[in-house]
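Note that the numbering used here has the sequence shown beginning at 1106, numbered continuously upward. Ideal Cβ positions, reconstructed from N, Cα and C, are used throughout, including at glycine. Okay, structure first, notes after.
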Amino acid sequence: PGSYIVSMIEDDLILDKRIIKVHQDPRHDIPPANTEKCYLLVHEMAVRMNLLYSVLVEMEEAAEHINRNYRGADALKLNTKLEELRSVIVPDDVSPDGPNILNRMNWLFNQVRKNSDKPTQSQHYWISLLMKQADDLIIEWSEYSLLLN
């Protein structure tokens, strides 16, 4: 809910500009503060998932770096650790029981973003847990990637 400016633009020329008001769904009596909490939490989850996607890209680059610059036992050790970290984000087999942070966050993100009310207690628990796991993994990846340079 709120006021928004909507513009119709063609070739950098503003043809029309209007203010529209979006009202809260009258079928539900949800306090605006709850909607704001939900939005902020969904935004925070999206930021964290984007960071994890960036880490996956960095991991691909690191794998290429390892394969170019290391041989034998050193390459095996570095690739094993890299794969261990990568599989925590996105496992090879999609198992609901595996340490698949990104898959679980994505599922939870889609559940919470469809709601205008604050997340349930269970959703809050899982969001907190997965955000901490993502943060821990990002820190571990940062420390590991420093070893490769």
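Option nearest residue i by Cα separation, candidates the options
{"i": "Ser-1159", "options": "Thr-1140, Leu-1207, Arg-1176", "result": "Leu-1207"}
{"i": "Met-1154", "options": "Gln-1226, Leu-1118, Leu-1213, Pro-1224", "result": "Leu-1213"}
{"i": "Leu-1156", "options": "Arg-1123, Lys-1186, Leu-1252, Asp-1240", "result": "Asp-1240"}
{"i": "Lys-1126", "options": "Asn-1205, Gly-1107, Glu-1141", "result": "Gly-1107"}
{"i": "Val-1195", "options": "Ala-1180, Asn-1211, Ile-1119", "result": "Asn-1211"}
{"i": "Asn-1184", "options": "Ser-1112, Met-1113, Glu-1115, Leu-1252", "result": "Leu-1252"}
{"i": "Arg-1209", "options": "Val-1111, Ala-1151, His-1128, Arg-1132", "result": "Ala-1151"}
{"i": "Arg-1123", "options": "Ile-1114, Asp-1130, Met-1236, Lys-1182", "result": "Ile-1114"}
Between the CA atoms of residue j and residue i - distance to the nearest angstrom
{"i": "Gln-1228", "j": "Gln-1238", "result": "15 Å"}
{"i": "Ser-1221", "j": "Cys-1143", "result": "7 Å"}
{"i": "Asp-1121", "j": "Tyr-1109", "result": "14 Å"}
{"i": "Ser-1257", "j": "Gln-1216", "result": "Limits of the chain in this structure are 1106 at one end and 1254 at the other, which puts residue 1257 out of reach."}
{"i": "Asn-1172", "j": "Met-1164", "result": "12 Å"}
{"i": "Glu-1149", "j": "Ser-1192", "result": "23 Å"}
{"i": "Ser-1233", "j": "Arg-1218", "result": "16 Å"}
{"i": "Leu-1161", "j": "Asp-1179", "result": "21 Å"}
{"i": "Leu-1242", "j": "Ala-1168", "result": "17 Å"}
{"i": "Gln-1226", "j": "Thr-1140", "result": "15 Å"}
{"i": "Asp-1134", "j": "Glu-1188", "result": "48 Å"}
{"i": "Lys-1182", "j": "His-1170", "result": "14 Å"}
Residue i (DSSP reduced to helix, strand or coil)
{"i": "Leu-1156", "result": "helix"}
{"i": "Asp-1241", "result": "helix"}
{"i": "Leu-1235", "result": "helix"}
{"i": "Val-1195", "result": "coil"}
{"i": "Asp-1121", "result": "strand"}
{"i": "Lys-1219", "result": "coil"}
{"i": "Ile-1135", "result": "coil"}
Per DSSP, the bridge partner or partners of residue i
{"i": "Ser-1108", "result": "Lys-1126"}
{"i": "Met-1113", "result": "Asp-1121"}
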